[in-house]
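K.L.:
Mind the numbering: the sequence shown is residues 846 to 954 in my numbering, read in order.
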Amino acid sequence: MAHNSGNSMLAALAGIAIGLGVGVLMAPDEGKKTRKKIKRTFDETTEDIKSRLNELTDEVKAKTMQAKGSLEDNVEYLVTKSSYKADEVIDVLEKKLADLKQANAKLQK
């Protein structure tokens, strides 16, 4: 989802930049003023894109850390549960072994 919103944001910013650029070029100012406006618009748009990319990067980092924490919790839970199940299996096998030893002892007599 963050990927789609990032693409949409970049597309919107690019559209704004293009629109501003075309608007400035079509304005009835002399060349020097127009170039200054284009540069200022470009610089502002560049800073805005950098800012939004930094926000997006921070959001992705936060989500990654959150997912990592959740994954670690899930792994710990599964290890604990598996350990408990392993103990149950060992108990059942030990009981079966004891039963087999008794049956074998009876057959040996």
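Every residue gets a Cβ at the ideal spot worked out from N, C-alpha and C, and that includes glycine. The structure presented is a predicted model; accordingly, all values stated were derived computationally and were not measured.
Give the secondary structure of LYS954 by DSSP, where H, G and I count as helix, E and B as strand, and everything else as coil.
P.N.:
In the structure shown, LYS954 sits in coil (DSSP, three-state: anything other than H, G, I, E or B).
K.L.:
Touch check for the stretch 881-892 and the stretch 853-867: three-plus C-beta pairs under 8 Å?
P.N.:
Cβ pair count under 8 Å is three or more, so yes.
K.L.:
What is the DSSP secondary structure of GLU875, counted as helix, strand or coil?
P.N.:
In the structure shown, GLU875 sits in coil (DSSP, three-state: anything other than H, G, I, E or B).
K.L.:
Using 8 Å as the Cβ pair cut-off and three pairs as the minimum, do the stretch 891-908 and the stretch 924-932 touch?
P.N.:
No contact exists between the stretch 891-908 and the stretch 924-932.
K.L.:
Between the alpha carbons of ASN949 and GLU921, how many angstroms are there, rounded?
P.N.:
Cα to Cα, ASN949 sits roughly 41 Å from GLU921.
K.L.:
Which residue's Cα is closest to the Cα of SER853: PHE887, THR925, LEU898, ASP888?
P.N.:
Checking every option, the nearest Cα to that of SER853 belongs to LEU898.
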